[in-house]
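The structure appears below as structure tokens.
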Amino acid sequence: KNEVEQSPQNLTAQEGEFITINCSYSVGISALHWLQQHPGGGIVSLFMLSSGKKKHGRLIATINIQEKHSSLHITASHPRDSAVYICAATFMYSGGGADGLTFGKGTHLIIQP
Amino acid sequence: ETGVTQSPTHLIKTRGQQVTLRCSSQSGHNTVSWYQQALGQGPQFIFQYYREEENGRGNFPPRFSGLQFPNYSSELNVNALELDDSALYLCASTDRGNMNTEAFFGQGTRLTVV
């Protein structure tokens, strides 16, 4: 069964702290996505990874294929980073195609001033 | 801001009615996926359309159906609405031929069934 697990579910931190959100998945994937969702619903894609590490501004995403694990890091966190962060995976069909995204339940991050 | 737009943004329907939600895809993307997000939950995959055909489906009943048009835009139709269908409906577009393409999401349609 295709599953994506995220932790923690809720995280409150002080401005400036280093934030880590973790994601693990059950079986082989073709891609791992980190997404951001603000109140009101719109989802923004932050990263798509199939290996290694990506960095964009204060955000860093890593993936370890052997351990089926990915992390999203936020350096020098700021109140505007407060949002729900969602990990999602594209699992492969047995025939080699790509299914829709399977989402984790999200991490509700609050950065306090 | 992405080029994926959804309409309408909000909708209220009565139980038993039918609803059609619309999604335009990002320029250059040929695949549209639809997701249902209940309050406080992560999105759940409904189905995906590629080349105007359903290309994969999640655990949703047949009263959830869809279409994709030659310009790759898509519709989600839900018949015989139930109260539990109240949710945020999200669409995402990707390029099926390029596995390195990120998914672009619309802002969603918030459906309330009363």
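Quick note, the sequences are listed as chains W and E, same order.
Per our numbering, the first sequence starts with residue 1, numbered consecutively.
Per our numbering, the second sequence starts with residue 1001, numbered consecutively.
We treat Cβ as the ideally placed atom computed from N, Cα and C, and that holds for glycine.
Take the Cβ of residue i as the centre, count every other Cβ of all protein chains shown within 10 Å, and call the residue buried at 16 or more, exposed below.
i       : result
G28/W   : exposed
P1008/E : exposed
N1071/E : exposed
Q14/W   : exposed
In whole angstroms, what is the alpha-carbon distance linking residue i and residue j?
i       : j       : result
G42/W   : G1106/E : 6 Å
L1090/E : A76/W   : 31 Å
F47/W   : R58/W   : 13 Å
L35/W   : N10/W   : 16 Å
H33/W   : F103/W  : 9 Å
V1078/E : L1088/E : 13 Å
A89/W   : P39/W   : 22 Å
I19/W   : C87/W   : 15 Å
H56/W   : R1015/E : 45 Å
Quick check on residue i - is its C-beta less than 9 Å from some C-beta in chain W?
i       : result
A1092/E : yes
G1028/E : no
Y1035/E : yes
F1064/E : no
A1103/E : yes
L1011/E : no
Q1048/E : yes
Please list, in chain order, the chain W residues whose beta carbon lies closer than 7 Å to that of residue i.
i       : result
G1042/E : I86, F103, G104, K105, G106
Under 8 Å between beta-carbons, which chain W residues line up against residue i? List them in chain order, please.
i       : result
Q1107/E : G40, G41, G42
Is there at least one Cβ from chain E nearer than 9 Å to residue i's Cβ?
i      : result
H33/W  : yes
S7/W   : no
G100/W : yes
S77/W  : no
S114/W : Outside the shown range of chain W, which is 1 to 113, sits residue 114/W, and nothing can be said about it.
Kindly examine the ligand GDP and report whether one of its heavy atoms sits closer than 8 Å to the Cβ of residue i.
i       : result
A1038/E : Only the bare structure without any ligand can be found here, which leaves the ligand GDP out of the picture.
May I ask which residues mark the beginning and end of the beta strand (DSSP E) holding residue i?
i       : result
G1066/E : 1064 to 1068
I65/W   : Segment: none, I65/W is in no beta strand (DSSP E) and carries neither H nor E.
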